[in-house]
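Q: So the sequences go chain by chain: A and B. Okay, so the first sequence: first residue is 67 according to the working numbering, each after it adds one. Okay, so the second sequence: first residue is 7 according to the working numbering, each after it adds one. The beta-carbon is built from N, C-alpha and C at its ideal position, and this holds for glycine as well. Note that the coordinates shown come from a computational prediction; the quantities given were computed from them, not determined experimentally. Got a structure for you, questions after.
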Amino acid sequence: MSEFWRIIFFVVQQTMYFAIPLLVVALGGMFSERSGVVNIALEGIMVFGAFTGILFINTFQGVMEGQLLLILAILVACISGGLISLLHAYASVNMKADQVISGTAINMLTPALAIYAARMIQDVQQIAFNNTFRIDSVPVLGSIPYIGDMFFKKTYITTYLGFAILIVAALVLYKTRFGLRLRSCGEHPHAADSVGINVYKMRYAGVFISGVLAGLGGLVFVIPTSTNFNATVAGYGFLALAVLIFGQWKPGRILFAAFFFGLMKTIASTYSGIPFLAGLGIPNTLYKMIPFIATLVVLAFTSKKSQAPKASGVPYDKSAAR
Amino acid sequence: MSEGKQGRKLRLNYDFVPSLVAIVVGLAFGLIILLISNPAQAGGGFWTILTGAFRDLRSFGRVLYFATPIILTGLSVGFAFKTGLFNIGASGQFIVGAYAAVIVGITCPWLGSAHWIVALLAAFIAGGLWALIPGLLKAFANVHEVIASIMMNYIGMYLVNYLVLQTAYDSLRNQSMPVAASAIIPKMGLDTLFPRSHANGGFFIAVLAVIITYIILNKTTFGYELRAVGFNRHASKYAGINEKHGIVLSMVIAGALAGLGGGLLYLAGTGKYIKVVDILAAEGFTGIPVALLGLSNPIGILFAGLFIGYITVGGDIMQLYDFAPEIIDIIVAVIIYFSAFALIFKGFIQRRRNKLGGGKIQ
């Protein structure tokens, strides 16, 4: 019994570490695509947010530690992610540029910037940090049997922040005027424009939110899974894009997709320690591939009547007749 | 007649303006970063980026070596662009091709002097097959090729890691085993011309690929149909072109070119092995700026590949000035960003020309 539950607790805790950044970043991507801008720069923005956040921790960990330092680093990551995403917004909205090219540019730019800056500042490209952020057990909640072990032990405030963002994102998207306007810009920008909605502004807002959340997601990904930052988020931005599609651009399904993908990642990295899975003899490569294959399969069956925002990826030109 | 020729010449000149603007802006941005990080050395460092590759024959040979794979991935991306497709999957096609070349290179030494040619063919075919999947998904299930290709990049990377582990693993170095000597591409004289530079006959194969791609695109009915699909999918369908076949074939050819690029790099006999790490092949993504700068024109792509190879070598040498070579990646990223604006520049030039009355030939 205890061995079994120990594995369950371990898998749930690990899945949280992998799933929360996916959830946060995919929700960010949702805002961008729902406003009509495809954002494949999520990967690059995550790298940038992680870079500035970890650099901040590296610089200030002598003077402060724990949750205060983490919260400030989160703010840094969010702001820097938001700012770098404006590059993408400018290219996509003002310049009506190809959004995939602009996204690719940012994906190439930020890792290079991070390595360059790290090497110029401290000679090596890895930026080390002390992890003083883990909460061994949340007061009161952590002592609940089973539930406490799964969700309130060996955790981070970012886990709860992730769930809070999910709820806020769903409310904003479906229950506010802003959300309605944002969605209309992604579905039919000309109709939105005709009723006085500023399509350019809404698209800037969508991209900026995606930048803030992707920046946050980058930091949230690096902290529990590493002790240094090496200018990469290991393809998590692209995986978040897959989560977004697998989740059909809807918050509830994105939650499900993020945890499904997170579980696959967890199994891939821990299955040798789990007797039942180790016995199956499936190579861990397969677990790593499953999220991507699953996304392709879903796309193959849903794209004919896709749920994707209709105007996503199409530059909006006020003056062009349609 | 002569007026038409004049117009064509004019258009050719104008077309390269956005690329040149993007390059100048990218280099200027690089200079600014150098100035911020170390003003005293910035001048020397920047000059080295611009001229370093010309300082000796070995350096220039390395330009050819670096340019070879990215000319192929550039052709891959550019070829797909011509049909209106964005092949962001060159990275996966590249590594799948590399694996096919390496496994043939290890297991089939009995092929004798044809060994390296067969290994390259395997790379070509494997890359094409890898791109067949997003091609079919695009043509028959309406799946956007960018998303499908991104997924295929990761599936390809993990699959190749797995296959290397199973079939060709050097556990001491965590990489693929060396290929047989007969699988290594002949130097074709480049080793005596550019001693110790890694330059090899792969560069000539890249040039050959450029020429063949140019002929296919510009001198055959098939190429014309592919480009027609790219210009207007619906109009070409109306004109009797099977646009679904066009999409699938275009992706397959693009993938085959990227796969060949993987073969050319890993059969170069320069100590390159497939590392078993979860990192996408960078050469595939470098194909995007190469194609953009070359305006998807095979000849342009040849020069764009040489240009990126050229500043890469310059950046390598620049490390003497205590700068990190990643400055080159930063410059290239800025170049891509501004290439994304190319349509605007083009539109601007177009409008100007129309105003000036030179646009009648359109």
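Is it buried or exposed for A:R72, if we count other Cβ within 10 angstroms and need 16 for buried?
A: Exposed, because fewer than 16 other Cβ atoms sit within 10 Å of the Cβ of A:R72.
Q: Find the nearest neighbour of B:A132 within the set B:H251, B:M257, B:A147, B:G320, judged by alpha-carbon distance.
A: Of the candidates B:H251, B:M257, B:A147, B:G320, the one whose C-alpha sits nearest the C-alpha of B:A132 is B:M257.
Q: With respect to the alpha helix (DSSP H) encompassing B:T292, which residues constitute its N-terminal and C-terminal limits?
A: Start and end: 288 to 299.
Q: For my contact list, B:T318 and B:F72 are in at a C-beta cut-off of 8 Å; report their separation, rounded to the angstrom.
A: The Cβ separation is near 5 Å, so the contact holds.
Q: Please list, in chain order, all residues of the same chain as A:L175 whose beta carbon is under 7 Å from its beta carbon, the five residues on each side excluded.
A: The answer, listed in chain order, is G110.
Q: What's the C-alpha gap between A:L89 and B:T226?
A: Using only the alpha carbons, I get a separation of about 49 Å.
Q: Mind checking if B:I29 is an interface residue toward chain A, Cβ cutoff 8 Å exclusive?
A: Chain A contact via Cβ: absent.
Q: So, helix, strand or coil for B:T227, using DSSP?
A: DSSP places B:T227 in helix when its eight states are reduced to three.
Q: B:F200 to B:L63, Cα distance in whole Å?
A: For B:F200 and B:L63, the distance between alpha carbons rounds to 5 Å.
Q: Counting beta carbon pairs with one atom in the segment 156 to 175 of chain B and one in the segment 304 to 319 of chain A, are three or more of them shorter than 8 Å?
A: Because the criterion of three Cβ pairs below 8 Å is met, the segment 304 to 319 of chain A and the segment 156 to 175 of chain B touch.
Q: On a Cα-Cα basis, can you pick out the residue from A:N124, A:A258, A:A323, A:L141 that is closest to A:G115?
A: Here the closest residue by C-alpha is A:L141.
Q: State the start and end residues of the unbroken alpha helix (DSSP H) segment that holds B:D322.
A: Here the alpha helix (DSSP H) through B:D322 covers 304 to 323.
Q: Taking any Cβ of chain B, which residues in the segment 181 to 214 of chain A have a Cβ under 7 Å from it, in chain order?
A: Correct list: I181, Y182, R185, M186.
Q: Counting only C-beta atoms, is A:F274 closer than 8 Å to chain B at any point?
A: No, A:F274 does not count as interfacial toward chain B.
Q: Let me see if you follow: with CB-CB separation under 8 Å, is B:E332 close to chain A or not?
A: Chain A contact via Cβ: present.
Q: Hey, how far is the Cα of A:F126 from the Cα of A:N196?
A: Going by the C-alpha atoms only, they are around 11 Å apart.
Q: From the DSSP output, in three-state form, read off B:G364 for me.
A: Reliability of the predicted coordinates at B:G364 is poor, the pLDDT of 41 falling under 50, and no value is obtained from them.
Q: Counting along the chain, where does the alpha helix (DSSP H) carrying A:K267 start and finish?
A: First-last of the alpha helix (DSSP H) with A:K267: 265 to 291.
Q: Going by Cα to Cα distance, which pick from B:G84, B:A28, B:V23, B:F66 is closest to B:I294?
A: Taking only the C-alpha atoms, the option nearest B:I294 is B:G84.
Q: Would you please verify whether the beta carbon of A:I348 is less than 8 Å from any beta carbon of chain B?
A: Not an interface residue.
Q: What would DSSP say about A:Y382, mapped onto helix, strand or coil?
A: In the structure shown, A:Y382 sits in coil (DSSP, three-state: anything other than H, G, I, E or B).
Q: Can the beta-carbon of B:Y327 be found less than 8 Å from the beta-carbon of B:Q47?
A: It is a contact, given that the beta carbons lie within the stated cut-off.
Q: Determine the DSSP secondary structure at A:N105, reduced to helix, strand or coil.
A: In the structure shown, A:N105 sits in coil (DSSP, three-state: anything other than H, G, I, E or B).
Q: Is it the case that the Cβ atoms of B:L266 and B:A310 are separated by a distance below 8 Å?
A: Cβ distance not < 8 Å, so B:L266 and B:A310 don't count as in contact.
Q: Can you tell me whether A:L93 is buried or exposed? The criterion is at least 16 other CB atoms within 10 Å of its CB, across all chains shown.
A: Buried, since its Cβ has 16 or more Cβ neighbours within 10 Å.
Q: Label B:H240 either buried or exposed according to how many other C-beta atoms from any shown protein chain fall within 10 Å of its C-beta, with 16 as the threshold for buried.
A: Looking at its Cβ environment, which holds fewer than 16 other Cβ atoms inside 10 Å, B:H240 is exposed.
Q: Whose CA, out of A:F97, A:I120, A:V78, lies closest to the CA of A:T391?
A: The question about residue 391 of chain A has no answer, for chain A in this structure spans 67 to 388.
Q: Interface residues of chain A around B:A154 at Cβ under 8 Å?
A: Under the 8 Å cutoff, chain A gives L362, L365.
Q: Please classify A:L207: is it buried, with 16 or more other beta-carbons within 10 angstroms of its beta-carbon, or exposed?
A: Burial call: exposed.
Q: Classify B:I42 as buried or exposed, calling it buried when 16 or more other Cβ atoms lie within 10 Å of its own Cβ.
A: Per the 10 Å Cβ criterion, exposed.
Q: Ordered along the chain, which non-local residues of its own chain (more than five positions away) have a Cβ less than 8 Å from that of A:A258?
A: Within the same chain, A:A258 has close Cβ partners R247, S250, C251, V265, M268.
Q: How is B:K243 classed by DSSP in three states: helix, strand or coil?
A: DSSP places B:K243 in helix when its eight states are reduced to three.
Q: Tell me the rounded alpha-carbon separation between B:N248 and A:S369.
A: If you take the alpha carbons of B:N248 and A:S369, they lie about 21 Å apart.
Q: Is A:Y83 closer than 8 Å to A:T351 when the C-beta atoms are compared?
A: Cβ atoms of A:T351 and A:Y83: not closer than 8 Å.
Q: Counting pairs of beta carbons, one from the segment 126 to 137 of chain A and one from the segment 184 to 204 of chain A, are three or more of them closer than 8 Å?
A: Verdict: yes, contact present.
Q: Tell me which residues of the segment 311 to 329 of chain A have at least one Cβ-Cβ distance to chain B shorter than 9 Å, keeping chain order.
A: Answer in chain order: I311.
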